[in-house]
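Novice: One structure, as structure tokens, below. Some questions next.
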Amino acid sequence: MYTGTALFDLLLPGDSRSLKAKRSYVRPIVAALRRFEVSAAEVGALDLHGRAEIGVAVVAAEATHVRDVLDSCERLVAARPEIDLLSVRRHLHTPED
């Protein structure tokens, strides 16, 4: 069993000056990520209006499948024109960990 995680650090548009406005950007991204059958949630920068951290986790029988799913998730987030993807931290957990 292999597990993979990714943490996306996002810069939101200048008009996200309230938590309600922030949610209007974060929720659609999280929903879109879940189409890849991953666990996804806003996990950091919860009180910052212009920033968001979204975490993704995936479990699979093969490491290549984990990498492929995380690659797809990263492409989806990076393709969102309304946000800037500042960084991505990924980690693959193997049975030997």
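By numbering that gives the first Met the number 0, the letter at position 55 of the sequence shown is numbered 54, and the numbering carries on one by one without gaps. Glycine included, each C-beta is placed from N, C-alpha and C at the ideal position. Since we're looking at a predicted model, the values are computed, not measured.
Starting from the N-terminal side, write out each stretch of the beta strand (DSSP E) that is 3 residues or longer and does not extend beyond the stretch 27 to 84.
Specialist: Taking only runs of at least 3 residues, the beta strand (DSSP E) segments lying wholly in the stretch 27 to 84 are 38 to 43 and 50 to 59.
Novice: On the CB-based measure, 16 or more other CB atoms within 10 Å of its CB, does E52 come out buried or exposed?
Specialist: As a first step, residue 52 is located in the sequence shown; it is residue number 53 there, counting from the start. So E52 ends up on the buried side.
Novice: Identify which residue in M0, Y1 and F7 has its Cα closest to the Cα of R89.
Specialist: Locating residue 89 in the sequence shown gives position 90, where the first residue counts as 1. Measuring from the Cα of R89, the nearest candidate turns out to be F7.
Novice: What are the start and end residues of the beta strand (DSSP E) that includes D8?
Specialist: Translated into positions along the sequence shown, residue 8 becomes position 9. Counting along the chain, the beta strand (DSSP E) containing D8 begins and ends at Y1 to L10.
Novice: Could you check which residue in L85, R79 and V76 has the C-alpha nearest to that of R50?
Specialist: Position 51 of the sequence shown holds residue 50. If we check each option's Cα against that of R50, L85 comes out closest.
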